[in-house]
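Here is the structure we will look at.
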Amino acid sequence: MSFLFLSTLKAMLLLLSVLVLLTQPPRSRGAEVKSLSKKPLIDNCTLVMCSPVEIGLPGRDGRDGKEGPRGAKGDPGSPGAKGRIEMLDVPKGDNGSAGEPGPKGDSGLRDMAALRQQLEALQGQLRSLQGAFLQYKKVELFPNGRGVGQKIFKTAGFVKPFQEAEQVCAQAGGQLPSPRSEAENHALQQLVEIENKGPGYLSMTDFWKEGWFTYPDRKPLVYSKWGPGEPNNSKGREDCVEIKTNGKWNDVPCGEKLLVICEF
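Numbering (the UniProt record's numbering), first residue to last: 1 to 264.
As structure tokens, this is what we get:
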């Protein structure tokens, strides 16, 4: 209340001073102004007894200003202190004692050797199958044939001398027939009768010993069916054997052209 009163009083004094100046003549007003400027200003306290200034309540906070631009990146800080483990600086421990040796493993060389044997066995089987297949294809070139047990006798119906007949059968994967039983001999007889081209060659000869006929591997005969009075080595040059349409055997010169029958 006293603060408001003092403010009103000051405003009335100031207005009164302005009115006094305006009512004086120009010259006297100027001189008075000069004289007033030389005099010290009247303190308000000379006119009115000043009372102690009371402090009012604090005003409200002002509004926050706009956010300023982002500042530049600061310099990196200094490195931090060492951690606990580094500060302790614990020395590295000694190596432990060696453990017990483990069990002995299987020998790699032994396994490799076993695998190599298996591979060689498979390769051998493959070659056998390939050979059998090729032989089968060659056998099929001979249209007529007879089978007895594990043997097959086949003919293409052509005639050749003994050596050429051997080559034909060898190229086909077989050989000239070597009958070792009555059943095998009978199958050959049937082929000779069907082809109707005369006797056919057998594989046996007496090249190694005159009058002693053997198989191509030089083993003695285990079966024979010679005709009456045979073999007789007529004219001293009958070293090969033929089978006739009646199934009988006869020794003949090896240069004669006879039916080619192959054994497979």
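Beta carbons: idealized from backbone N, C-alpha and C, even for Gly.
Just so you know, these numbers come straight off a predicted model, no measurement behind them.
- Residue range 182 to 195 is occupied by the alpha helix (DSSP H) that includes N185, with no beta strand (DSSP E) assigned at that position.
- For the pair P253 and R237, the CB atoms are nearer than the 7 Å cut-off.
- The C-beta distance from G211 to N233 rounds to 7 Å, short enough to fall under 8 Å.
- Here the C-alpha atom of D94 lies approximately 21 Å from the C-alpha atom of P101.
- According to DSSP, F213 shares a beta bridge with no other residue.
- Under the DSSP assignment, A172 falls outside any beta strand (DSSP E); it carries neither an H nor an E label.
- Per DSSP, the unbroken beta strand (DSSP E) holding K160 starts and ends at 151 to 160.
- Secondary structure at S17: helix, using DSSP grouped into helix, strand and coil.
- A121 and L115 have their C-alpha atoms roughly 10 Å apart.
- Among the bridge pairs identified by DSSP, W249 is matched with W226, I243.
- The residues N185, H186, Q189, K225, in chain order, have a CB closer than 7 Å to that of G247 in the same chain once the five nearest residues on each side in sequence are set aside.
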